[in-house]
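Residue numbers (the numbering used here), protein chains in the order written: chain A, 5 to 536; chain B, 2 to 355; chain C, 30 to 651. Note sheet for the following structure.
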Amino acid sequence: MTNTIYDITHESDAIMLVGSNPEEAHPVIGMQVRQAVARGAKLIVVDPRDIDLSKKATIHLKLRPGTNVAFANGLMHIFIEEGLVDQKFIEERTENFEAMKEMVKDYTPEKVAEICQIDADQLREAARIYATANRAPIMYCLGVTEHHTGTEGVMSLSNVAMMVGKIGRPGCGVNPIRGQNNVQGACDMGASPNQFTGYQNIAAPGIVEKFEEAWGVKLNHEIGTKATDCFPKMISGDIKGLLIFGEDPVRTDPNTHHVIKALESLDFFVVDELFMTETAKLADVILPGRSYAEKEGTFTNTERRVQRVRKAVEIAGETRPDTWIFTEIMNRMGYPQPHLTPAQIMDEIASVTPSFAGISHERLDSEEVGGKGLQWPCISKDHPGTPIMHVGKFARGLGYFRPAAYKPSAELPDEEYPLLMMTGRILYHYNACAMTDKTEGINEIAGSSFIELNTADANALGILDGELVSVSSRRGTIQAEARVSGKTNKGECWMPFHYLEGSCNWLTSDALDGISSTPEYKVCAVKVAKAE
Amino acid sequence: MIHLTIDGIPVEVEKGTTILQAAKQAGITIPTLCYIEDLLPDGSCRMCVVEVTNNGRSKIDTACTLQVSEGDEVQTMSEKVIDSRKKTLDLLLSDHNVHCFSCEANGDCKLQDLCFEYGLEETSYEGEMTSLPKDESNKFFSYDPSLCILCHRCVNTCTEIVGRAAIDTMERGFQSVIGAAPEKVWAEGTCESCGNCVQACPTGALSMKRRKKYRAYQVDKVVRTTCPHCATGCQMDLIVKDGKIVDVKGADGPSNRGLLCVKGRSGSFDFVDHKTRIRHPLIKNKETGEFEQATWDEALDLVASKFSEIKTNYGGDALAGFACSRSTNEDIYMLQKMVRAAFGSNNTDNCARV
Amino acid sequence: MKITSIEALKQHRKKVQEAVNAYTCRILVCSGNGCMATGAQKIYDELSRLTADMMQVEVEMQKDLPHVGTLKTGCQGICEYGPLVRIEPYDYQYVKVQVEDCKEIIEETVKNGRPVTRLFHKDGEEVYEHPMDIPFLKKQTRIVLENCGNIDAESIDEYIAAGGFSALAKAIGEMTPEEVVDEVDKSGLRGRGGGGFPAGRKWKQVLRQEEKERYIVCNGDEGDPGAFMDGSVMEGDPYKLIEGMLIAGYAVSAENGYIYVRAEYPLSVKRLKHAMAQLEEYGLLGENILGSGFNFHLHLNRGAGAFVCGEGSALTASIEGKRGMPRVKPPRTVEKGLWEKPTVLNNVETYANVPKIILKGADWFRTIGTEGSPGTKTFSITGAIANTGLIEVPMGTTLREIIYDIGGGLKGDAKFKGVQIGGPSGGCLVDKHLDQPLDFDSVKKFNAIMGSGGLVVMDENTCMVEVARFFMGFTQRESCGKCGPCRIGTKRMLEILEKIVDGKGRMEDLDKLKETADFVRARSLCGLGKSAPLPVISTLDTFRDEYIEHIQEKKCRAHVCKALKNYVIDPDKCKGCTKCARNCPVNAISGNKKEAHVIDTAKCIKCGNCMNNCSFDAISIQ
């Protein structure tokens, strides 16, 4: 996020929520969005489903999944056409505006309305509300990123914000509401094939050398392979050994058949896990690590805020801190890594990462920080952290308009698979529910999978609300309970991705985003029939 | 700026400040039951009364609603004030089931604390007590009308802060009770089970069902940490008794301001010491396909030798290591360091994409 | 048809006045709540049927206007004598009219102009032909109720003919909003809903707010038992109320108004809806009213029968669709009322006073009533009084004038004991208050409130402890439950009162009762709670001896409290006929034939059968 949760929900006049259902996926943010609406902020919901917040919205654009780029281009077309652009901001803070203008020229509201299957006047109204509000953030989530054009979707939203100067100020910005508790941290910490900590590019001059010096070892200079691209390489034999730390790709990655085949092709497969997950079952060795409540450390939330995790208990058995496990493997493979405490590790992170230079456990625990965490960039021990990014100047200098044309989703419904299926999260569970399904009450409330079908589609198929149906795609077939309503548009359906029984990832497409290799979880073609 | 004195202490505050806020500034605590900071005062509990004298005229009014005037002389503990608070407590107690021994909130109850502070051992009234049955319909908490003092903190929390408005005061007069429309049953409304209402309750009326397992004074330690579910980064307190996490409470973090959701409050600790946890290193027996318990040395040596072998034969690029987006920064840093420094590979990634 | 300018309104008035004058005879059937309850609908139907033919005969002569009109009016005031029928132009007031009388009325009066003398109101020798001869009406000053009973409550044209909307036209056409507010302020009009807060000051405060979106709200949630003043205005002259609200809307630049009517007033709802539809049709509600650019939309809300919704903040919460619960102030309603916007909140009677003030001026208004409380006040008088009904008198009228001159004294010439003023939240006025002029300030001094003006007259057969218990039972049920003093305090007071009327009271209960009453009065959050103990406080003050009798002597002097009634047989009068013993449902009476009988008080359930059946007057209550 460029801004903080507090300022975008408490200091905004309008909120544009794109492909995000915070009431279920990020409930405490959802609560604050509801507060914002109660306070009088206008809400624009851009979502193919009737999420609960759409009832509170000034405008709900129930667009066709996978058409975000067209929608964003349409907004910008209206900004230009109706003179809503922030000329001063564009001149002083950005570049490449003319190319952007050229790109959106053809995206008339009527054309966009046709692509997105929405009302052109409502699109105009949404554009006006967002552009004319003094302070208005864009909040988005996986509904934007989990497409094969996801990165372009994100860039398009940045273009939208820049064009009306809604960036670098409180109550504004472009704010991805990120998924897992520490997905921000995982990216920050250099668990990427092309970047070290703090987004230091392997390809950039001097970076690998800097780490070679810090770590006292020769490093591989070649950019590595992204996780989603690793699976084909396992099947082809290019990757033979794998260690997975706490992930369950069998459950969470698209096209489950393909994932299992890849993992079974490995010579040696190690998992560091808490539970016997579907992925762990395929391992050669399982190393029992520790949960968040059994160790010290930090998480970085979606606001780039580094906050402490503290040890509360130790459980019976032979579990070990994960840092201990990795240190042991390093030593046993010949790299002399001393055992460090989490606080010492953070000091090491700070020493090699400019944006983390001012962060330490000591400081996070201090009265100065007062339990509020530190938001990176935090470049020195006396730097207060950065609640709002791009104030006065973008990280790269001038904000760059990156025009993107609308491209349809990779797999669209056809005669054989006539329904477009989306996937998402529900309030009560987290991802593969390795953690949440250990709570009885939660399973009692939300214990099994379902598929939301549009009433007209269900009627045509003779399916009643509550009936068991089978859902098939080109990649597999599963069963789930039908929930029939008008929540999705005709021709579209939706499934939660949490459940082992009826897991939708047997169906999802492994088409990847051209830039980030994020799978297109949000759009695949399926057919639905009454279960035999 | 307005100038006044509170218990003789001179205070200078902005116009529009309430006496309660001014007292807080002066470091004076005025007792409240219904007050929630940041919200318009509910004004219903009548505990926060103070005596205010100005221009020779004195009145008793609630500090949460009364705005300061120039020259106010406020007494927070005058005889009349104490008398009024005692009478307020007396009436509340006359409709409160005083079975503190079996109450989960014993020792953690604001009504109990205030009665103790004001020397009220029992009510002076006879008469009927609310006898409505306990509502156990919610999976995680229960509502006992016989313990409810109708301070509406739960309703105001649910409506104004959580923004859900799942509950409200139902019925009228002495029959008033908190519940969800249409039939008062908690779980039949739009409740999301986030439990922020329970955390707001000053008595045992709203109580997490897990509270049966511990008493407030049996807690060994309270550990401030960050919720392990989504990326909001809610701050919360793990309540530990006898080496086990028995409860979770929302803490005042910058992104959550005391709130938690159902996952954070009720789905973030049962798994920690769950019976299905893997507690020993396991090595798969190639013959049987079954996992067998191993020592750390056996497991780690096997891992190191196998990976070294692949590295030697095929180069570092034949190895990969994926990090967990749910683990700590320190863990992830060490994992990618392991992949880079020991595996000799840049094939490291996290589940940000999936 | 739209009336799009002030001139057009004048033209229309001329037209409808001609039409009204063209009637050779108008039959005005009272259709106030009281008369409707005694069968006015049937009378109206019958008279309509009988006059239907007569209309057709005259069609040619008066275009589409009937020669004889049968109309439903609002309350004609003397509810005690309903159903009421007035005949114009003769100004005959018929009382207690029955269906059988209708034919005679038509034949004699309508066709021939002759009175039906037997239908006139009589008091002893005195016969009253005209309404204004009747003392009950003669001694009143009718401003708010001026049209009530005189015009068709469902005809906007009749209202216009009677001068309706000329005040609105004056305000819009000749005055600035500030001038309107000033005029109301100068008039000294005080809110008729209870507290008596000056209406003009309220309007001024709203006018002063920075927020430009404002609301006009009318409190028509008249909840006091026995009160029907506001209901009568809404039923009898809904147009006057709406005109008052329109003027208020113009004065404070509000574009929306809400009338909140209690659920128990279906007729008010019906008449208001009807009136609103007519105003909309005429363009007197909506956009650009009378071509002035002033817009005003009116909305009708029905309460759910909660007494507390008479309290301002509970009422606005209820309109917003929330639970009707008072909130603390500040902010006040004038700053943040309905939908958090500045709001003028007055009751029905207050708005109904406004048109006349605008038309005749503040100075004229000040000539009526007292210095501190100018104008008139409507009261509903009920209870142990000869003439129950709806009255309007100048502020400052004494209780004696109301009860004896207008109300005709107590029923059956019983002895006056007290009058409950201001409903369940009010207090009790007694002998010593009879000659005190009544206005907002004086009533407050007597530990009571004016309320909306309900007067329940009590005679010696009223037990004051039971009265306190009755009202406490009411407020206890109606407490919204928000604050402890009211929710629990009223319950505890009720329980003590129940104990006392049950003969189980102790002397120390009186101290507890007083202590609790004082606390609830001082510490409750809203007006309902603060005034709920008033009946207890005022009866404890004035009738303490009755409380003590209940406790110490186990005696209720009014013989009302069942548990304290003791039936005894006078052995001297008893003839031993056994009738009482045979009629006793629990066999509590024993005795041999022809010998004096005895009642076993332990068995007696105090049903009173024995006394009612005794032929020798031998049984009495002690």
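Beta carbons: idealized from backbone N, C-alpha and C, even for Gly.
Quiz item: So is B/Val355 in contact with chain C if we call contact Cβ pairs under 9 Å?
Solution: Residue placement at B/Val355 is flagged as unreliable, the pLDDT there being 48, under the threshold of 50; the coordinate-derived value follows with that caveat. For B/Val355, the answer is no, since every Cβ of chain C falls outside 9 Å of its Cβ.
Self-check item: Proximity winner among C/Ala69, C/Glu75, C/Asn642, relative to C/Gly103 (alpha-carbon distances)
Solution: C/Ala69
Quiz item: With 9 Å set as the bound, which would you pick, yes or no: does the beta-carbon of C/Lys43 sit closer than that to a beta-carbon of chain B?
Solution: no
Quiz item: To the nearest angstrom, how far is it from the Cα of A/Lys214 to the Cα of B/Arg341?
Solution: 13 Å
Exercise. Could you work out which residues of chain B lie near C/Val357, taking near to mean beta carbons separated by less than 9 Å?
Key: Leu41, Pro42, Asp43, Gly44, Ser45, Thr63, Cys65, Thr66
Self-check item: Residues that A/Leu368 bridges to, as DSSP identifies them
Solution: Partner(s): none; A/Leu368 has no beta bridge.
Exercise. Determine the closest residue to A/Glu226 out of B/Asn286, B/Ser346, B/Thr33, with distance taken between C-alpha atoms.
Key: B/Ser346
Quiz prompt | Contact set for C/Val88: own chain, Cβ-Cβ below 6 Å, skip 5 residues either direction | solution = Reliability of the predicted coordinates at C/Val88 is poor, the pLDDT of 36 falling under 50, and the value obtained from them is presented with this limitation in mind. Around C/Val88: no qualifying Cβ.
Quiz item: Do you know offhand how far A/Ala535's Cα is from A/Asn463's?
Solution: 15 Å
Quiz item: Got a sec, what are the start and stop residues for the beta strand (DSSP E) B/Thr54 sits in?
Solution: 50-55
Self-check item: A/Val473: first and last residue of the uninterrupted alpha helix (DSSP H) it sits in
Solution: Note, A/Val473: premise wrong, no alpha helix (DSSP H); beta strand (DSSP E) at 472-477.
Exercise. At 9 Å on the CB atoms, spell out the chain B contacts of A/Thr306, in chain order.
Key: Cys231, Ala232, Thr233, Gly234, Ser256
Self-check item: Contacting positions in the stretch 502-523 of chain C - beta carbon closer than 9 Å to chain B
Solution: Thr504, Gln505, Arg506, Glu507, Ser508, Cys509, Gly510, Lys511, Cys512, Gly513, Pro514, Cys515, Arg516, Ile517, Gly518, Thr519, Lys520, Arg521, Leu523
Exercise. Could you pull out every unbroken beta strand (DSSP E) segment of at least 3 residues lying fully inside the stretch 90-165 of chain B, listed in chain order?
Key: 142-144
Practice problem: Step through the CB atoms of chain B and report whether any lies within less than 9 Å of the CB of A/Trp498. | Solution: no
Practice problem: For B/Gln76, decide whether its Cβ has a neighbour in chain F, counting only Cβ atoms nearer than 9 Å. | Solution: Annotation note: the requested chain F is absent from the structure, which comprises protein chains A, B and C.
Self-check item: C-alpha gap between B/Leu41 and A/Cys120, whole angstroms
Solution: 43 Å
Exercise. May I ask whether a heavy atom of the ligand GDP can be found less than 8 Å away from the beta carbon of B/Gly28?
Key: Within the structure as shown, the ligand GDP is missing, as the structure has no ligands at all.
Quiz prompt | Own chain partners of C/Ser553 with C-beta closer than 8 Å, once the 5 adjacent residues on each side are dropped | solution = Cys512, Pro514, Cys515, Gly518, Lys559, Ala561
Quiz item: Taking three-plus beta-carbon pairs below 8 Å as touching, is the stretch 198-209 of chain B in contact with the stretch 535-549 of chain C?
Solution: no
Quiz item: With respect to the beta strand (DSSP E) encompassing B/Asp388, which residues constitute its N-terminal and C-terminal limits?
Solution: Because chain B in this structure spans residues 2 to 355, residue 388 of chain B falls outside the shown range and cannot be described.
Quiz item: Straight-line CA distance for A/Thr71 to A/His81?
Solution: 15 Å
Quiz item: How is B/Lys242 classed by DSSP in three states: helix, strand or coil?
Solution: strand
Quiz item: On the three-state DSSP scale, how would you describe A/Ala165?
Solution: helix
Quiz item: For A/Gln204, does the three-state DSSP call read helix, strand or coil?
Solution: strand
Quiz item: Should B/Ile150 go down as buried or exposed, given a rule of 16 or more other Cβ atoms within 10 Å for buried?
Solution: buried
Self-check item: Unbroken alpha helix (DSSP H) run spanning A/Trp328, endpoints
Solution: 326-336
Quiz item: So is A/Phe75 in contact with chain B if we call contact Cβ pairs under 9 Å?
Solution: no
Quiz prompt | Same chain, Cβ closer than 7 Å to B/Phe142, neighbours up to 5 away in sequence not counted | solution = Gly196, Val199, Leu207, Ser208, Met209, Lys210
Quiz item: Cβ of C/Gly482 within 9 Å of Cβ of C/Phe408?
Solution: yes
Quiz item: Name the chain B residues whose beta carbon is nearer than 8 Å to that of A/Pro346?
Solution: Thr329, Glu331
Quiz item: Buried or exposed: B/Ser59, going by 16 or more other Cβ atoms within 10 Å of its Cβ?
Solution: exposed
Exercise. For C/Val86, name the three-state secondary structure that DSSP assigns.
Key: Interpretation of C/Val86 is limited by its pLDDT of 40, a score under 50 that renders its predicted location unreliable; no figure is taken from the coordinates.
Quiz item: Can you tell which of A/Lys397, A/Val527, A/Asp386, A/Leu368 has its C-alpha closest to the C-alpha of A/Pro417?
Solution: A/Val527
Exercise. Indicate whether at least one CB of chain B lies closer than 9 Å to the CB of C/Met536.
Key: no
Quiz item: Expressed to the nearest angstrom, what Euclidean distance is found between the alpha-carbon atoms of A/Leu47 and C/Leu313?
Solution: 36 Å
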